[in-house]
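To convert, count from 1 in the sequence shown and add 225; that's the numbering used here. Everything below concerns the one structure shown next.
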Amino acid sequence: MNIKEAAAKFDLTADTLRYYERIGVIPPVTRNDSGYRDYQVRDLNWIYLVKRLRDAGLTTESLIEFATLAQMNRTKDVQDAQKTILNDQLEVIDQKIAELTDVRKLLSFKIDTYDEHLALFADGKTNPDPLWKEKL
């Protein structure tokens with residue numbers, strides 16, 4: 226598969242794929258006899274993985290480290306280092322999910338009690354309860 230097809234497959238630009246390869250986010254891509262990149266399933270898997278890890282918030286530096294480790298000899302230390310990168314990001318995602326869950330509860334509470342609050346505070350004299358103390 227050529228670079229244009231690979232880029233389109235993952236909704237990226239050819240420039241992005243060249244950049245990812247140049248900085249080491251993806252391993253070097255095999256070239257055909259004419260010197261053009263010839264993306265194989267292994268390369269496409271890397272592109273997919275990198276795109277999803279970027280979506281998950283992994284930094285470019287962490288992606289470079291992950292890809293560099295993948296190209297080293299498969300030792301337990303290398304595998305552990307890769308797993309650490311992934312586990313660290315999983316913890317970050319879990320924290321974000323917890324935060325979003327709390328915000329969702331607040332939004333649901335506000336939606337569910339919206340009319341009540343408008344009626345309660347219509348006189349302008351009633352003091353609201355602090356939201357941060359609500360058990361949502």
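A virtual CB, placed ideally from N, CA and C, is assigned to each residue, including glycine. Since we're looking at a predicted model, the values are computed, not measured.
Euclidean distance between Cα positions of residue i and residue j
i    : j    : result
D236 : K276 : 9 Å
Q320 : G282 : 12 Å
D327 : N257 : 52 Å
T309 : A323 : 21 Å
N227 : S287 : 27 Å
I272 : D313 : 21 Å
Residue i and residue j closer than 7 Å at C-beta
i    : j    : result
A292 : G260 : no
V254 : R247 : no
Run of the alpha helix (DSSP H) containing residue i, from where it starts to where it stops
i    : result
T169 : There is simply no residue 169 to check, as the chain begins at 226 and stops at 361 in what is shown.
A344 : Y339 to L345
I228 : I228 to K234
Rounded distance between the beta-carbons of residue j and residue i, thought under 8 Å
i    : j    : result
A295 : P252 : 7 Å
A239 : Y264 : That belief does not hold up - the Cβ atoms of A239 and Y264 are roughly 11 Å apart, past 8 Å.
Query raised in the report: In the stretch 254-303, which residue ranges form an unbroken alpha helix (DSSP H) of at least 4 residues, counting only runs that do not cross its ends?
Result: 266-280 and 285-295
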